[in-house]
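Just so we're aligned, residue 62 is where the sequence shown starts under the numbering used here, counting upward by one.
Accompanying notes for the structure given below.
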Amino acid sequence: IAYESAPIVVFCVSFAAIVTIIEASFHMKLVVQNDALVPGFAALLILRELGAVVSALLVTSRVGAGIAAEVGSMRVTEQIDALQMLGIDPVRFLVVPRFIACTISGVLLSVLASLFCLYCAMLVSQLSLGYSSGSFLTSMRIFVSFKDLIFAGIKGACFGAVVPLFSCFYGFRAKAGAEGVGLATTTSVVSTSVAIIVIDFLLSWLFTHFY
């Protein structure tokens, strides 16, 4: 999951980081005529929100939809019923492996996306905004610490765990026919995306107590 999702995650979050630092610099210059703190603010936003949330939403649209469609197809073709007749627990056979894989992948992708975002932000700040790598890193160290990266990994694990739970839940409830599988897939993606946003709010609120 992580290996196949990494290219699209890195590609998308890189552009998100570039837009973030360019827009932040523009508006800071416009409002307060000083953008010296932009690298720190950008690094803070990337580590606490951007890397984990964007990567999770991309995984939801790619992996979550696939899981829901696969499980839904197994439901409507009675493959899940066949597993039960053979004495195999469908949850243990279908859900648990995907849960473990998505949780681990969520951590890896979140950390990878955050680090790559920081690198892209530093590169753009050097090429377009006039910062040196030293000034960028100095400003970043003022605002962020290693525990922010740990919190990004924790968020990634929570988001990754949500994806297979919702996808398998709606896949198991899929109605017969292609329309039923499609509806289950769409509902799972929407529900998972909403759950990720809500969980992000709760975790962000919780993490504020550690500063």
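Beta carbons: idealized from backbone N, C-alpha and C, even for Gly.
- Contact annotation: F271 and K208 have beta-carbon atoms nearer than 9 Å.
- Here T199 is exposed. Its C-beta has fewer than 16 other C-beta atoms within 10 Å.
- Between the stretch 175-185 and the stretch 106-117, the count of Cβ pairs shorter than 8 Å is three or higher; the stretches touch.
- In this structure V251 is not in contact with S122, their Cβ atoms being roughly 10 Å apart against a cut-off of 8 Å.
- Per the coordinates, the alpha-carbon of L210 lies some 24 Å from the alpha-carbon of D96.
- Non-local C-beta neighbours of K216 in its own chain, meaning closer than 7 Å and more than five positions away in sequence, comprise A113, S171, D261, L264, ordered along the chain.
- Secondary structure at I149: coil, using DSSP grouped into helix, strand and coil.
- As summarised for the stretch 83-151, the continuous alpha helix (DSSP H) elements at least 4 residues long and confined to that stretch are 99-106, 112-120, 126-137, 140-146, given in chain order.
- In this structure the stretch 124-132 does not touch the stretch 79-92; the number of beta carbon pairs closer than 8 Å is below three.
- DSSP places S175 in the uninterrupted alpha helix (DSSP H) bounded by 157-188.
- Between the stretch 66-81 and the stretch 222-240, the count of C-beta pairs closer than 8 Å stays below three; the two stretches do not touch.
- In this structure, E131 lies near G232, with their beta-carbon atoms less than 9 Å apart.
- F102 is the residue among V223, V152, G241, F102 whose C-alpha sits nearest the C-alpha of I82.
- Taking 9 Å as the cut-off, the Cβ atoms of G221 and G133 do not count as close.
- I203 and V74 have their C-alpha atoms roughly 23 Å apart.
- Going by DSSP, K216 is part of the alpha helix (DSSP H) stretching over 207-233.
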